[in-house]
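> Residue numbering for the sequence shown follows our numbering, starting at 43 and increasing by one per position.
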Amino acid sequence: MCGIFAATGESAVADVLVEGLRRLEYRGYDSAGIAISGKGGIAVRKNVGPVGALATMLESEPAYGECGIAHTRWATHGEPSARNSHPHCAPGIAIVHNGIVENHGELRQELAARNAQFVSETDSEVIPWLVREELMRGEKPWAALQKAAARLSGSFAIAMLSEDEPGEIFAIRKGSPLVTGFTDGKAFLSSDLNALAGIARHAIALEDGDSARITPDCIDIRDHDGRIVNRPLLPVESRIATYDTGVHEHFMAKEIFEQPEVAARIDAAYHDGTLMEQLLSIDFSRVRRINFVACGTSYYAAAVARHWMQQHAGIECTVHVASEYRYEALPQFYSGEVAVLISQSGETADTLAVLERLQHLGMPVLGVVNDTNSTLARNADMALPLMAGLEIGVASTKAFTAQLMILAHLAIHATGRRLGAAASPGRLRDQLASTPDLLAKALLCEEGVIETARQLGDARSAIFVGRGPFQALACEGALKLKETSYIHAEGFAAGELKHGPLALIDEHMPVFALAGDQEMMPKLASNIREIAARNGRIHVIGDREAILSMKDVATGAITLPSAPDLVRPIITAIPLQLLSYHAALQRGLNVDRPRNLAKSVTVE
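1) In this structure, how does DSSP classify L400 when only helix, strand and coil are distinguished?
2) Count the other C-beta atoms from every protein chain shown that fall within 10 angstroms of the C-beta of Y341, then say buried if there are 16 or more, exposed otherwise.
3) Would K540 be called buried (16 or more neighbouring beta carbons within 10 Å of its own) or exposed?
4) Unbroken alpha helix (DSSP H) runs of length 4 or more, entirely within the stretch 124 to 202: which are they?
5) May I ask which residues mark the beginning and end of the alpha helix (DSSP H) holding D479?
6) Measure the Cβ-Cβ separation of G110 and I76 and say whether it is below 8 Å.
7) For A247 and I84, what's the separation of their Cα atoms in angstroms?
8) Give the secondary structure of G240 by DSSP, where H, G and I count as helix, E and B as strand, and everything else as coil.
9) Specify, as a first and last residue, the run of the alpha helix (DSSP H) that E518 falls within.
10) Round the Cβ separation of T114 and A74 to the nearest angstrom and send it over; I've been treating them as touching at under 8 Å.
11) Indicate the three-state DSSP secondary structure (helix, strand or coil) for L231 in the structure shown.
12) Check the C-beta distance from A648 over to A112 and give it rounded, since I have them as a contact under 8 Å.
13) Going by Cα to Cα distance, which pick from S218, T339, E210 and R215 is closest to F230?
14) Just the C-alpha distance for K189 and E181, rounded to the nearest angstrom, thanks.
15) Between P552, P406, M592 and G431, which has its C-alpha nearest I383's C-alpha?
16) How about T329 and A344: do their beta carbons lie closer than 8 Å?
17) Rounding to the nearest angstrom, what Cα-Cα distance links A336 and R179 in this structure?
18) Across the stretch 480 to 487 and the stretch 395 to 406, are there enough close Cβ pairs to call them in contact, namely three or more that are closer than 8 Å?
19) Which ranges does the alpha helix (DSSP H) cover as unbroken runs of at least 4 residues, wholly within the stretch 341 to 378, from first to last along the chain?
20) Are there 16 or more other CB atoms within 10 angstroms of the CB of V289, so buried, or fewer, so exposed?
21) How far does the alpha helix (DSSP H) with I76 in it reach, from first residue to last?
22) Distance check for L620 and G499, CA to CA, integer angstroms please.
23) If we ignore side chains and look at the alpha-carbon of each, how far apart do P133 and L203 end up?
24) According to the Cβ coordinates, are L177 and A191 closer than 8 Å?
25) Is DSSP giving M16 helix, strand or coil here?
26) Short check: CB of A444 to CB of L428, under 8 Å?
27) Using only CA atoms, which one of V143, M563 and I298 lies nearest to G584?
28) What are the uninterrupted segments assigned as beta strand (DSSP E) that are 3 or more residues long and contained completely in the stretch 559 to 644, given in chain order?
29) Straight-line CA distance for G458 to A599?
30) Looking at the strands, I want to know which residues DSSP matches up with R115.
31) Using 8 Å for Cβ pairs, my map puts Y654 next to I78. What's the rounded Cβ distance?
32) Any contact of the stretch 247 to 264 with the stretch 221 to 230, i.e. 3+ C-beta pairs under 8 Å?
33) So, A702 versus A355, is the Cβ gap smaller than 8 Å?
34) Please list, in chain order, all residues of the same chain as S253 whose beta carbon is under 6 Å from its beta carbon, the five residues on each side excluded.
35) Out of G196, L602, L446 and E175, point me to the one whose CA is closest to A306's CA.
36) Looking only at its chain, what residues have a beta carbon closer than 6 Å to the beta carbon of A576, apart from the 5 residues adjacent to it on each side?
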């Protein structure tokens, strides 16, 4: 992985390809390249580093033509290097590929025995050589790609050029997204619909098993069985999404400070319950279990939602990591169970695999997703849009808050449907309506967070603890710190400290205590004193009352505004995000693009 862009019918296609790659930069990558089909054959330019470096290379080594493919790579097989960058070639063929070819080892051996000449360490390089073999057997390029893809195990989205058809792009997908776009006399292909904004009038998402032949005037799509199919048109934004940081130095900071606005937008849309009624086809009075499934930050949002749903609606909930749940031996499916799949991008490979499996079992699936044109949004039985707007920073911030807001509204909706007015869903909605203002007040803690980040100094590890829903926030805080600052961090249930983690505590270990659960505050205070007795450096995060209750043992504190129980986990995300941001800045790191990470994880 990470990003594919292609165009045909453009007189200066190299410039269009570079612009397309710039629009995909936010997904994360380590190298970039293009291939252009022209009168002299297929010209390839690629290198390690940013898209800007590729643009500079093209100034000194131009490539001309009206048809081309392009790729940003995030390494999965082979180190970041020019030879491992895409496009990959065989005589007369160039391809770009997102996904993982699981059987590449055996294919490479077979092809090498038949004189294929490999130059990279990647799994992707077997694809052009498989296509070449089919061409040598007399197949046309499109059929050759289809037959080559049939030999691949794993997931893939492939775009291909052939010298035999110089103005055409051939594409096929299985498990990784591809979207075609078109306007008068021009056609495009991308792994991300956002990249087509302002250049395509219409778009079509390829479904799993689809392949396509793309010319400037026609997009021909066939399904897995070779039948001509007409896929629905998708809306394309007429204006390019803004990719600037505004008044902020980084996208991560911009997105942290956008959270009050995002929360207000969500509450305005969902507050009266009408939109929830329109989007859902779940009778919560009959639901006996909700199975939440997600990855990474979305998993921790699900873990918070479990507490809300069980506490207020009285529905049993389970929370699963998608990469594990997809392979588990599932018990028999009973009526009354539903699944809630949460994904910022809607293209997370493991989450989509769970979607397919659960739908095969007949379980209703609700998607909670930011991209309303994504595979999850299209294929789930129903979907709730996050309304967070495009998130550029790799470390999720505003999308996490949006997930919590949507899931809180979902819990309130379920509470009203199951328990009626006696459960006071209106009171809960009014509590949630205070979130935008409380988020804005929470952002005022930044100065204290900056000082705390300085105190981290050369810390190599950190611990986050909490109780109830704040255990999930502790894990999310640890994840954020790991992602951005590369400080090893772990989140624990505070009551579990005595079962192992206390062995890590000494005078050098910073510990962040999330003091948000009022009922469990005395228990948390006891846990904190266990840390203090071992000289741990304790930083309490909570409102003034919580901090005062632990002032005798706290090394430092980050003060949050007082908030209703329902809202407190949401605003607690703010200092955790700011801490990870400023800790990374203290170390001179790129907060928007942490090493080794990608924004949209479309491989397993």
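The beta carbon of each residue, even a glycine, is placed where N, CA and C say it ideally should be.
Once the coordinates are examined:
1) Here L400 sits in helix by DSSP.
2) Residue environment for Y341: buried (at least 16 other C-beta atoms within 10 angstroms of its C-beta).
3) That one is exposed.
4) Entirely contained in the stretch 124 to 202, the alpha helix (DSSP H) runs reaching 4 residues are, in chain order, 146 to 155, 168 to 178 and 183 to 191.
5) It spans T477 to A484 - the alpha helix (DSSP H) in which D479 sits, taken as one unbroken run.
6) Their beta carbons are under 8 Å apart, which means G110 touches I76 by this criterion.
7) Taking the straight line joining both Cα atoms gives about 27 Å.
8) Note: G240 maps to coil in three-state DSSP.
9) Annotation for E518: the continuous alpha helix (DSSP H) segment containing it runs P511 to S527.
10) Rounded, the Cβ-Cβ distance is 5 Å, consistent with contact.
11) DSSP places L231 within a strand segment (E or B) once states are collapsed to three.
12) Outside the shown range of the chain, which is 43 to 646, sits residue 648, and nothing can be said about it.
13) When only C-alpha atoms are compared, the closest one is E210.
14) For K189 and E181, the distance between alpha carbons rounds to 9 Å.
15) In the sequence as presented, Ile is not what sits at residue 383; that position holds Leu. Comparing Cα-Cα distances from L383 to each of P552, P406, M592 and G431, the minimum goes to P406.
16) It is worth fixing the name first, because residue 329 is Val in this sequence and not Thr. It is not a contact, given that the beta carbons lie outside the stated cut-off.
17) In this structure, the CA atom of A336 is about 45 Å from the CA atom of R179.
18) Verdict: no, contact absent.
19) Along the length of the stretch 341 to 378, whole alpha helix (DSSP H) runs at least 4 residues long occupy 364 to 367, reported in chain order.
20) It counts as exposed.
21) It is not in any alpha helix (DSSP H) - I76 instead sits in the beta strand (DSSP E) that spans S73 to G80.
22) If you take the alpha carbons of G499 and L620, they lie about 16 Å apart.
23) Rounded to the nearest angstrom, the two C-alpha atoms are 11 Å apart.
24) No, Cβ-Cβ distance for L177 and A191 is not below 8 Å.
25) Residue numbering for the chain in the displayed model covers 43 to 646; residue 16 lies beyond these limits and cannot be assessed.
26) The beta carbons of A444 and L428 sit closer together than 8 Å.
27) Residue M563 holds the alpha-carbon nearest to the alpha-carbon of G584 among V143, M563 and I298.
28) As for any beta strand (DSSP E) of minimum length 3 sitting wholly inside the stretch 559 to 644, the runs are 579 to 585 and 598 to 602, ordered along the chain.
29) Taking the straight line from one Cα to the other gives about 38 Å.
30) BP columns for R115 point to C44 and S73.
31) In the structure as shown, the chain begins at 43 and stops at 646. Residue 654 is therefore absent and cannot be evaluated.
32) A contact exists between the stretch 247 to 264 and the stretch 221 to 230.
33) Any answer about residue 702 is impossible in this case: the structure gives the chain only from 43 up to 646.
34) Contacts found: Q188, I214 and R264.
35) Closest in alpha carbon position to A306, among G196, L602, L446 and E175, is L446.
36) A quick correction: the sequence has Arg, not Ala, at residue 576. The residues are I547.
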